[in-house]
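Numbering (our numbering), first residue to last: 1 to 326.
Reviewing the structure listed below.
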């Protein structure tokens, strides 16, 4: 069985050059790339057990890495991406990382080994040293490398819509409740825009940012209400957090929306919650986001030597009025 050393010797190039060709990296002339590919094919060298045609080097598989597929927003996103990929002849493999950086890096290694053709990545970890900007990767919300495209909802618009609505409907002290993110992320624009509107309108507000895992929303919401008992208009970073807040407010016999108005972010149906309410929320267009992610990723796969002109795509959001506000 041929080895990578055999390929390098026969093609009269270095091992690093063969590796770059296998991983579809820059820094190899088209003439040399073709010589290496022809040698690989002639020697029937199979890198990392991938028996796909090396000239196309497509496994027909796209990876989606999310923190927790049990969160409905991610399951909805996976469904949208699966449908868009199926039309292009690709399958989707989902990695449920639980926020573990080692799991995410393993997924990136699968891409380098040609077991995946591309990755759609959701991560709050700093992955910059593992990702270079020519990789076929598209990010949701977070910045990984200068030329890695980002698809995001219009978080700035969401924050402005939420603050404006609460102020216009009688709230005197507003609060934002969400995660503290340690890397540059478009999600931060939700609270930044929210606070900016409050400042412009000269309305009292507080911003409660704290790191937490999915499943800890109830305890975080409890702490927020203990520290800020006088807020009467609250915008949360997610619908999960909004529903947690509503459960505590109901337990404490706080009237909604008479005493406290609540706006979430996502626009998902929480069928598994005992409190079934029509939440006022900033709705993301998950279907459109899935299509845009697939479009940008497949463009990078098909044109690996070209950087896309589109490095950030913002999907519009809309305010859905439910019973948790006036």
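Ideal Cβ positions, reconstructed from N, Cα and C, are used throughout, including at glycine.
Run of the beta strand (DSSP E) containing residue i, from where it starts to where it stops
i	result
residue 195	It is not in any beta strand (DSSP E) - residue 195 instead sits in the alpha helix (DSSP H) that spans 188-200.
residue 207	204-209
residue 27	Looking at the DSSP string, residue 27 is not in any beta strand (DSSP E), and its letter there is neither H nor E.
residue 312	312-315
residue 173	173-178
residue 140	137-140
residue 328	Residue coverage of the chain in this structure runs from 1 to 326, which leaves residue 328 outside it and unanswerable.
residue 63	61-66
Rounded C-alpha distance that separates residue i from residue j
i	j	result
residue 42	residue 75	43 Å
residue 186	residue 39	45 Å
residue 325	residue 217	21 Å
residue 212	residue 177	11 Å
residue 206	residue 323	23 Å
residue 163	residue 105	38 Å
residue 53	residue 287	The predicted position of residue 53 is uncertain, since its pLDDT is 43 and thus under 50; a value taken from the coordinates is nonetheless stated next. Roughly 32 Å separates the two Cα atoms.
residue 31	residue 297	26 Å
residue 111	residue 58	11 Å
residue 274	residue 243	Summary for residue 274: the model assigns pLDDT 44, below 50, so the residue's position carries little reliability; its value from the coordinates is reported in the next sentence. C-alpha separation (whole angstroms): 10 Å.
residue 148	residue 129	13 Å
residue 18	residue 36	7 Å
residue 83	residue 259	43 Å
residue 91	residue 13	34 Å
residue 285	residue 25	34 Å
residue 246	residue 145	38 Å
residue 81	residue 71	16 Å
residue 248	residue 214	17 Å
residue 34	residue 69	40 Å
residue 299	residue 252	52 Å
residue 413	residue 302	With the chain covering 1 to 326 only, the question about residue 413 has no answer from this structure.
residue 219	residue 209	14 Å
residue 239	residue 131	31 Å
residue 21	residue 4	11 Å
residue 153	residue 235	16 Å
residue 85	residue 73	18 Å
residue 318	residue 281	8 Å
residue 241	residue 221	7 Å
residue 201	residue 79	40 Å
residue 117	residue 179	32 Å
Check whether residue i and residue j have beta carbons under 8 Å apart
i	j	result
residue 233	residue 320	no
residue 101	residue 142	no
residue 8	residue 45	no
residue 65	residue 29	no
residue 99	residue 60	no
residue 166	residue 261	yes
residue 264	residue 279	yes
residue 122	residue 67	yes
residue 293	residue 119	no
residue 237	residue 283	no
Continuous alpha helix (DSSP H) stretch holding residue i: start and end
i	result
residue 283	Note, residue 283: premise wrong, no alpha helix (DSSP H); beta strand (DSSP E) at 280-283.
residue 17	15-22
residue 319	Taken as a continuous stretch (DSSP letters only), residue 319 belongs to no alpha helix (DSSP H), being part of the beta strand (DSSP E) at 318-320.
residue 36	30-43
residue 164	155-168
residue 296	286-302
residue 7	4-11
task: Flag this pair as touching only if the region 144-163 and the region 314-322 have three or more C-beta atom pairs under 8 Å; answer yes or no.
output: Three or more Cβ pairs closer than 8 Å define a contact, and the region 144-163 meets that threshold against the region 314-322.
- request: Evaluate contact between the region 118-136 and the region 160-177, counting only Cβ atoms and requiring at least three cross-stretch pairs below 8 Å.
  value: Counting C-beta pairs closer than 8 Å gives fewer than three between the region 118-136 and the region 160-177, which falls short of the contact rule.
- request: Report the residue ranges of all beta strand (DSSP E) runs contained in full by the region 85-131; include only those spanning at least 3 residues, in chain order.
  value: Qualifying beta strand (DSSP E) stretches, in chain order: 91-96 and 118-121.
message: Please give the ranges of any beta strand (DSSP E) in the region 216-257, keeping only runs that are unbroken, at least 3 residues long and fully inside the region.
response: Those beta strand (DSSP E) runs which fall completely within the region 216-257 and span 3+ residues are 233-236.
- prompt: Are there three or more Cβ pairs, one per stretch, closer than 8 Å when the region 221-230 is compared with the region 191-199?
  reply: No: fewer than three Cβ pairs fall under 8 Å.
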